[in-house]
Structure formats: C-alpha cells, structure tokens
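Student:
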Amino acid sequence: MPLNFLDLKYLPVQDAEAVVLPIPYEATTTYGAGTREGPEAILAASRQVELWDEEGNWDPSQKIKLTTAMPMGQEASGPQAMLDKIRRVVQPWVSQGKLVLALGGEHTITAALVQAVQTKYPDLTVVALDAHADLRDSYDGTKLSHACVLRRVYELGRPLTLLGTRSYSKEEADLLWVAPRMKLFKAADLHTPEGWGQAIEHLQQINGPVYLSIDLDVLDPGVMPGVGTPEPGGLSYRQVLTIISTLAQRGPVIGLDLVELAPIPGQRVSEFTAARILYKALGYIYQSRR
Ligand SMILES: [Mn+2]
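For the record, in the sequence shown the residue sitting at position 69 is 69 according to the working numbering, with numbers rising by one throughout.
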C-alpha cells in the first residue's frame with residue numbers, strides 16, 4: 001500500500017478538495033542525489049505529525065477533504081515527457097477546483113505544475129522560495145534542469161517573486177537586474193529587520209491567485225540538512241511559515257510544491273520538518289478560505 005499523508009483514512013481523489021501528489025522524479029540532480037526518495041520520506045514522517053494545529057486551534061485534517069494520490073512514475077523517455085505527464089494528470093484536478101500539493105523530487109517539476117494551474121488561473125503570480133535562483137537558460141546541456149526551472153517558469157509570462165536566494169551566477173544576476181516581472185528578496189536581506197519588513201509588505205500587496213514553490217534548500221542547512229545542494233545562511237522554519245501564512249491571508253494560494261528533499265539515512269529532522277511545513281501550509285490556506 002502506498003503511504004498516505006498524515007496516515008489519514010483513504011479517500012478517492014474524486015471526492016477530495018486537496019490532493020497531495022508524490023512525484024519522485026530525479027533526472028538532472030547535480031550534487032547530492034536522493035530526491036527520488038523525498039516524497040516517500042515526507043509521507044512516512046507525516047505519520048508522526050500532530051494533527052491538532054496548536055496555532056490555529058483546529059484540526060485541519062478533520063475539516064479538509066484531503067487525499068494522497070498514487071506516486072507518479074518516472075517517464076523513461078526524458079524530462080519533456082515527464083513534464084507533459086505531470087501536466088496531463090494535474091490539469092483536470094485543477095479545473096475541478098482541487099488544490100494540488102506536489103511533493104518532489106527535483107525542482108524541475110514546478111514548470112509543469114505552474115503550466116497546469118495557469119490554464120485555470122491565468123492571472124496568477126508565482127512565489128518561489130529557493131537558495132538558488134534557478135534562472136539559467138540551460139545547464140549540463142539541457143533546458144529542463146532543476147537549475148533552469150525558474151527561468152522556464154518566468155517564460156510563462158507571469159510575475160515571479162524569489163525569496164531566500166543566496167547563490168546565483170553572473171548570467172542569472174544580469175537577468176535579475178533587467179527582468180521586469182521579477183522581484184528578488186535575497187536571504188541576506190531577509191535577515192535584517194528592514195529587509196524582512198519589505199518582503200512581507202511586498203507579499204501582502206500581491207493581487208490575485210498565488211502559486212507557491214518551496215525548494216526546501218531555502219531553509220538553513222542547520223534546520224534542513226537533507227537537500228541536494230545545501231547553502232549556508234538560509235531562512236528559519238518560522239520565517240518560512242510566516243511567508244506562507246502571509247500569502248494565504250492575503251488571497252488564494254492555488255497551488256503549492258515542496259521539492260528537493262534528499263533524505264539523509266539515519267536522520268529524521270529534514271523529512272519531519274518538510275511534513276510539518278506541508279501540514280502548516282494546508283492549515284493556513286484553508287483557515288483563510290473559511
Ligand atoms: Mn531550486
């Protein structure tokens with residue numbers, strides 16, 4: 001039996017309003033491998049997550065019709081086929097008004113997920129939390145690399161806000177300066193009270209639906225060591241939660257992904273923290289809708 005998020009009772013996807021979709025896709029990882037183990041590790045860890053939300057004083061798992069879909073198998077014929085498959089599966093769920101929460105796997109999947117939600121929400125804004133800019137035009141000879149994913153997302157034509165960024169190339173820096181729909185809040189700035197305040201104000205002012213992509217390496221490696229490419233100087237758990245709740249309070253978050261978890265054997269902190277973030281995000285999103 002495949003694992004269910006939070007070990008909840010089985011619910012058919014057709015009856016659910018929110019669908020956790022495991023996508024254990026890994027093809028272009030360049031440093032530490034293991035993101036294909038990410039979704040299963042998060043689902044296993046989620047069995048230990050307390051269902052009572054101590055902040056909101058409610059039990060989101062009782063109030064949200066939540067299910068976990070079958071893990072999506074990897075397409076052998078390459079990244080484009082994989083992205084097409086993700087779009088084919090997710091688009092009908094989105095058009096039925098379901099909230100899809102995707103678990104990676106490498107960050108590349110976000111390009112297909114944004115395309116899928118864009119068909120229903122053409123006026124969406126993409127908010128990405130990531131240590132890396134992921135804005136290269138191509139990497140290792142492919143445009144469909146995890147290192148290029150936010151460039152592919154940006155090319156879909158919608159505003160893109162990056163938060164927590166602390167590692168990028170000159171090519172990416174040049175693009176960040178000139179790109180008109182792009183807004184960057186570097187990790188170093190988020191660690192100052194002024195910079196943090198400006199970022200929260202910016203998030204509050206975003207109009208319309210938001211798609212949120214969380215590359216778990218945005219967190220400090222002291223908090224989240226189990227990622228493919230850990231970068232020092234990252235965000236705290238509380239900062240990431242504040243960003244998510246700020247977005248949820250301001251308006252609809254219509255899609256979310258949590259990517260790049262690469263579990264470290266013998267350690268549990270990374271996958272448990274990821275499971276906690278996902279459950280917190282669900283709570284924030286539905287608390288603001290009700
Ligand atoms: Mn990334």
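Idealized CB from N, CA, C, for every residue including glycine.
In chain order, what are the residue ranges of uninterrupted alpha helix (DSSP H) at least 4 long that sit wholly in the stretch 219-264?
Tutor: 237-250
Student: Enumerate, from N- to C-terminal direction, the unbroken beta strand (DSSP E) stretches of 3 or more residues contained entirely within the stretch 41-104.
Tutor: Counting whole runs of 3 or more residues, the stretch 41-104 contains the beta strand (DSSP E) stretches 66-68, 99-104.
Student: Short of 8 Å in beta carbon distance, which residues of its chain neighbour P225, apart from the five on each side in sequence? Order them along the chain.
Tutor: I264, Q267, V269, S270
Student: Is E26 close to ligand 1? I mean its beta-carbon at under 7 Å from any heavy atom of the ligand.
Tutor: no
Student: Pairing CB atoms from the stretch 82-97 with CB atoms from the stretch 40-57, are three or more of them under 8 Å?
Tutor: no
Student: Verify the contact flag: D134, CB atom, against every heavy atom of ligand 1, threshold strictly below 7 Å.
Tutor: yes
Student: Going by the C-beta, is D257 closer than 7 Å to any heavy atom of ligand 1?
Tutor: no
Student: For K65, collect the residues of the same chain with a Cβ closer than 8 Å to its Cβ; drop the 5 residues on either side in sequence, then sort them by chain order.
Tutor: L11, D15, A16, E17, A18
Student: What does DSSP give as the partner residues of L21 in its beta bridges?
Tutor: A102
Student: Kindly indicate the opening and closing residues of the alpha helix (DSSP H) around L203.
Tutor: 193-204 is the span of the alpha helix (DSSP H), which, as asked, contains L203.
Student: What did DSSP end up calling Y211 once you bin it into helix, strand or coil?
Tutor: strand
Student: Can you have a look at P2 and say buried or exposed, based on whether 16 or more other CB atoms are within 10 angstroms of its CB?
Tutor: Label assigned to P2: exposed.
Student: Helix, strand or coil for G164, going by three-state DSSP, please let me know.
Tutor: strand
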